[in-house]
Amino acid sequence: MFRDTLGKIMFNTGRNYLKHVRRARILHSPSNSQKSIPKKSELKTLPIFQYPISQEDTRRVYVWGLAEHGALGETGALQKNKISYLSKPKRVSFAERHKVTDIACGYGFTVYAVHSSDKNIVYGTGINTDSQLGYNETDKKFPDNMVFIPRPINLPLENASTKVIGMAAGRAHLLILTTEGLFTLGNNAYGQCGRPIILNEDYKKNMVVHHIPNIKGSKITAVAAGQDHSILLTEIGE
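Residue numbers (the UniProt record's numbering): 1 to 238.
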């Protein structure tokens with residue numbers, strides 16, 4: 001009895017061992033390994049987006065505030081949203097197309113000095129009731145003496161290489177200091193443009209641009225403007 005039982009145990013043990021050996025051979029056979037381990041698919045190279053890098057001289061201009069008179073030079077958002085002001089800074093597209101070097105703001109108008117290869121070195125937008133932005137034929141498309149997008153301010157320059165040194169704006173007059181001297185535009189009721197006062201002068205569509213090359217032979221180095229007055233500084237400190 002004991003021998004029969006022991007024989008059965010040894011037989012079953014041997015049979016189980018052979019099953020394990022057979023299974024191990026199947027799992028490790030070349031044909032089975034190829035089926036069980038799939039090949040890795042080749043990774044496709046994805047395009048890499050290159051973000052533009054700002055240069056040292058890159059400038060961006062942001063505007064906000066009352067806009068219904070064109071002083072901000074941005075009409076797209078206003079027309080779309082039917083609002084008259086911008087409550088937070090918005091980037092100006094004009095400054096993306098031009099290299100802005102200086103900015104001046106008057107009563108409801110804005111002036112940009114730009115680096116240019118031609119004589120269009122100053123652009124203006126906003127209220128132009130007193131021709132403080134000069135006169136331009138393109139203004140005919142704008143109503144009520146207002147300019148809604150920046151456009152060139154025509155100056156009687158001698159050279160295309162002339163640069164803007166500084167600018168200042170009052171209530172309705174503009175001072176533009178260049179390497180050729182000072183140019184003044186707009187209302188002159190109190191002599192703020194540095195030229196003789198003309199009684200009852202009509203400033204609407206006025207093409208007068210006054211030129212002051214120097215003060216008593218001294219170059220003008222800086223300008224400032226108040227509501228209806230102007231201040232100049234010369235190279236000798238006067």
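C-beta: ideal position from N, C-alpha, C; glycine also. Quantities reported herein were computed from a predicted structural model and do not represent experimental measurements.
Query raised in the report: Which residues bound the beta strand (DSSP E) around Phe-142?
Result: From DSSP, Phe-142 is part of no beta strand (DSSP E); its letter is neither H nor E.
**Report entry** Whole-angstrom distance between Glu-74 and Val-147, CA atom to CA atom
**Finding:** So the two alpha carbons sit approximately 11 angstroms from each other.
**Report entry** Nearest residue (CA-CA) to Ala-113, options Leu-175, Gln-55, Ile-83 and Glu-137
**Finding:** Residue Leu-175 is the option with its Cα nearest to Ala-113.
Report task. Taking the CB atoms as reference points, tell me whether Asp-130 and Gly-217 lie closer together than 8 angstroms. Result -> Cβ distance not < 8 angstroms, so Asp-130 and Gly-217 don't count as in contact.
Query raised in the report: Is the beta carbon of Ile-149 within less than 7 angstroms of some heavy atom of the ligand FAD?
Result: The ligand content of the structure shown is nil, which means the ligand FAD is not present either.
Query raised in the report: Of all the options Ala-224, Gly-237, Asn-159 and Gln-132, which has the alpha carbon lying nearest to the alpha carbon of Asp-202?
Result: For Asp-202, the nearest C-alpha among the options comes from Gln-132.
Query raised in the report: Which class does Ala-225 belong to by DSSP, given the choice of helix, strand or coil?
Result: Here Ala-225 sits in strand by DSSP.
Report task. Determine, using beta carbons only, whether Leu-155 and Val-208 come nearer to each other than 8 angstroms. Result -> Not closer than 8 angstroms, so no.
Query raised in the report: Apart from the five residues just before and just after Lys-163, which ones in its own chain have a Cβ nearer than 6 angstroms to its Cβ?
Result: Setting aside the 5 residues that flank it on each side, Lys-163 is surrounded in the same chain by Thr-179, each with a C-beta closer than 6 angstroms to its C-beta; the list follows chain order.
Query raised in the report: Which residue's Cα is closest to the Cα of Ala-95: Thr-58, Ala-169 and Asp-118?
Result: Minimum Cα distance to Ala-95 is reached at Thr-58.
**Report entry** One or two residues paired with Glu-100 in a DSSP bridge
**Finding:** The question names Glu, yet the displayed sequence has Val at residue 100. Looking at the DSSP output, Val-100 sits in a beta bridge with Val-114.
Requested in this report: Have a look at Ile-127, Phe-142, Lys-219 and Asn-206 and flag the residue whose alpha-carbon is nearest the alpha-carbon of Leu-66.
Outcome: When each option's Cα is compared against that of Leu-66, the closest is Ile-127.
Query - Residues near Asn-145 by beta carbon distance below 6 angstroms, same chain, minus five either side - result: By the criterion of a C-beta distance shorter than 6 angstroms, Asn-145 is surrounded in its chain by Asn-128 and Thr-129, once the five residues flanking it on both sides are discounted.
Query - As assigned by DSSP and simplified to three states, the class of Gly-194 - result: DSSP places Gly-194 in coil when its eight states are reduced to three.
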